[in-house]
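In this note's numbering, the protein residues as written are 655 to 1664. We put the beta carbon where it would ideally sit given N, CA and C, even for glycine. First comes the structure, then the notes that go with it.
In structure tokens, the structure reads:
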């Protein structure tokens, strides 16, 4: 029997009530039910957790020690399990260096392709770079001024781990005495470098120390040839005290110290390698510090003889923005930098010169001297409004004067005069931000800085040399800017354009690249660009990326557990995702999918419906079988909605707008110079196929633009647009997204919504608490006094088991109650503070019915569909949708002044139809109170409730970014070009036209009809 089914017996994880269930193997099973009914508890915390735990236990004890351990779930037995893979909604990465290309490993294949068959070109003149002989290198060295001291070095080790004792012994036996390790100098005759073998090291052998002179040509030539031989065609020229313009004369590829232990944080603007002070002061060149030296790398292979620019050897790491070998030196591979913003320095041009520069106080003598002297130089009064000055004079105040200025300063010994160029207010702030050691000064200057695209690499993250290597006439940065769909077209048939040698090398690499791009297209992600930051992906997008990698792996006999994979997908794109899931099943895998989407349930082989209610009223199986069986189940709320017995109603009237915000010329990502009006005082839904530009419009342009304008928030960099008009009609803007509400288990819904403050005040008002002098702080589990000190108020103690999973046991002192005995003696209506934290929101609402403030706040949590949630549930265990709804409840609890713009991103995530109704009522209530609500949403039951719909498209990626339709849901439904409109037709009684799913408003007549 176990071959055909996964049999779960006696599951009691969270709210599951001694559950027994059989899940068919090698089939596609959907677990559905009300929010909080126990779906994830069954699929993830029981079935997946047990499968994962058994796999880890099969490993050696040594290996288990290095793997994250999983607790044994509360279940009697699980039989018939396969190896389990969880594909959930956790974001792919929050690191700003992670992109779609890096998390899908596509960038690794691109780096390999460009390193193996790329043709390097000069970034200055664009010529293809050729090889360089030893004689050409010598000529370049001799172009340095006569008498310049330099060292010729052979880089024998570059960024490799090891202690290298044998190498040092070999070098010494062959007569080499001097080496530089990670920029630090050693003499092998006296020193024995003691290197940590766990760190990367760079070792340069000093072949010769020279003084540039025409008479020394023969010696220099011999040394260069020896160095080239030692380091396989590469040499380093180290100039300890470089003359002015030395870098330009050499024109070499400047090197950096790249060992993990390289000293010095500063590097010279001309490309120093970051080494620390030279150790041996007896040598004339040893007095040069890291900031003085110039290190230039010559390659026998690559150099532009026209521009005198040498290139480092092309390797895969040359195209990595996470490595100093490939990263843009200005932004260090991030793609953005902080620059002093002229608009923040001069916020009101009508002010006089004495007050116009926000970052400079005229009361300080240093600034007063400069402003007075420059004003006198141009013959203007310091009382002149800045806007009345000649534009050329304004420019020189901000960016520096072309001529010398006489600065006069009064001292106790008389007047001191100095003549020099004025550096300008903005360069002064930029320089001080880099040079200052004072944190307060740096923070003060950062108030006048804004995040901007790096001007050096234009946001591409790579250094010029890496950007100028071409394959088929295209640099890697241009490929990274393509969407996945366009990238697949770009690589399709590329072999035909390559030479025979390149084709042989690239054949397998191109096959891998096309396969991975194809898998990404299959799951509906063709609109994502490869350089998009992974942290900006939605939970659904991250999940589908991981799903694409699993499709590519081609595993058989695996149990896949997925968490709402349809999130963030338009109805039109959902079919492709379902085809992918069915393909995984047809390979011989078992799929267990937590889902609320009707189309997914119709395509599933079987459905498990959890219920009958949320929280403690759930944890049972209400119905199990195919689609028809669930529709006919009398106690199934899911069946009520699938069969049409219940539905989310359509509003009778649509509200009229009360003004509007007009976005002009939005051009960020794929937005096509978009002009769009966001109506105020109404409920607006932004819709469109996946990748049409919805998130870009709301997050990057609207929210960040308003945050920068209304709150002077310089830490956000709004998306490219011309203007947002009508801001005066909005008092505040609030983005309610799906980011976590707290990062520690101490944070919970009660603390986040301030409900716990009111509860603690109630307990502090009790008779016993007053007798003992307890304040409300006594009832906090975060501070000493009332909490149990044995567990620090956590209620559990973690016992490390070394080779087994860590065990969390209730604290022996408090029994898991978090508080000490004295605190627990205080009761309110017979309940202790610990009892209250264990209550669900629904139970607490009933318990505190007589307390108006608490009742109101708890009612808000009930209204957003969170009645099942425990007050003390750690915020780290909440899903993205739950966290968003807790934030929404907290916003609803604030004193409402009206004129607030609420922005929500897919708030129906994780909600059953029954809970969607509650959420829709809450959003209508916000609008009725005089606010504006803008929601990105694919769920049509919410879209049909909006007063106004903005539909973007018509397609995703480069085919999107346009306004397809705008108006009431009925007006959008009549628009033939709108994909959203066509699917809306089935849900709006006022529309006669049939939509793509017109036959789906009632249950299928037979299972085979689908």
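Can you tell me which residues form a DSSP beta bridge with residue i?
i            : result
residue 731  : 663
residue 953  : 888
residue 1260 : 683
residue 1137 : 1183
residue 1061 : 1072
residue 1555 : 1387 and 1586
residue 1464 : 1450
residue 1546 : For residue 1546, which the question treats as bridged, DSSP gives no partner whatsoever.
residue 673  : 665
residue 1111 : Per DSSP, none; premise fails for residue 1111.
residue 1093 : In DSSP, residue 1093 forms no bridge with anything.
residue 841  : 832
residue 862  : 806
residue 1493 : DSSP lists no partner for residue 1493.
State the DSSP-derived secondary structure class of residue i, mapped to helix, strand or coil.
i            : result
residue 1070 : strand
residue 1249 : coil
residue 933  : Confidence is the limiting factor: at residue 933 the pLDDT is only 32, short of 50, which leaves the residue's position unreliable and the question unanswerable from this model.
residue 990  : strand
residue 1448 : coil
residue 1210 : coil
residue 1122 : coil
residue 1629 : coil
residue 966  : coil
residue 1088 : helix
residue 1616 : strand
residue 1329 : strand
residue 1523 : coil
residue 657  : coil
residue 1285 : helix
residue 1130 : helix
residue 809  : strand
residue 1300 : coil
residue 629  : As displayed, the chain neither begins before 655 nor continues past 1664, which places residue 629 out of reach and without an answer.
residue 1279 : strand
For residue i, report the span of its beta strand (DSSP E) as first-last.
i            : result
residue 833  : 832-835
residue 1579 : Residue 1579 -> not in any beta strand (DSSP E); alpha helix (DSSP H) instead, spanning 1567-1582.
residue 1220 : No beta strand (DSSP E) contains residue 1220, which DSSP labels as neither H nor E.
residue 606  : What the structure shows of the chain is the stretch from 655 to 1664, and residue 606 is not part of that stretch, so it cannot be assessed.
residue 1315 : 1314-1320
In the DSSP assignment, find the unbroken alpha helix (DSSP H) run with residue i in it and report its ends.
i            : result
residue 1008 : 1007-1010
residue 614  : Given a span of 655 to 1664 for the chain in the structure shown, any question on residue 614 remains unanswerable.
residue 1606 : No alpha helix (DSSP H) contains residue 1606, which is instead part of the beta strand (DSSP E) from 1602-1607.
residue 1517 : 1506-1517
residue 1337 : That residue, residue 1337, is in no alpha helix (DSSP H); its beta strand (DSSP E) goes 1337-1342.
residue 762  : 760-771
residue 1242 : Run containing residue 1242: none; DSSP gives neither H nor E here.
Evaluate residue i with the Cβ neighbour count: other Cβ atoms within 10 Å of its Cβ, from every protein chain shown; 16 or more gives buried, anything less gives exposed.
i            : result
residue 779  : exposed
residue 700  : buried
residue 713  : exposed
residue 639  : Residue 639 lies beyond the stretch modelled for the chain, which goes from 655 to 1664, so this question has no answer here.
residue 1088 : exposed
residue 1109 : exposed
residue 1018 : exposed
residue 945  : Below a pLDDT of 50, predicted positions are generally treated as unreliable, and residue 945, at 48, falls in that range; no measurement from the model is reported.
residue 1504 : exposed
residue 1379 : exposed
residue 684  : buried
residue 844  : exposed
residue 823  : exposed
residue 1248 : buried
Is it the case that the CB of residue i approaches a heavy atom of the ligand COA more closely than 7 Å?
i            : result
residue 1141 : Absence of the ligand COA from the depicted structure is noted, as is the absence of any ligand whatsoever, leaving it without description.
Check your understanding: Hey, is the stretch 1310-1323 in contact with the stretch 1560-1571, meaning 3+ C-beta pairs nearer than 8 Å?
Key -> no
Practice item. Kindly confirm or deny that the stretch 1351-1365 and the stretch 970-987 touch, where touching means at least three C-beta pairs closer than 8 Å. Key: no
Exercise for review: Determine, using beta-carbon pairs with one atom in the stretch 1384-1392 and one in the stretch 1535-1546, whether at least three such pairs fall under 8 Å.
Suggested key: yes
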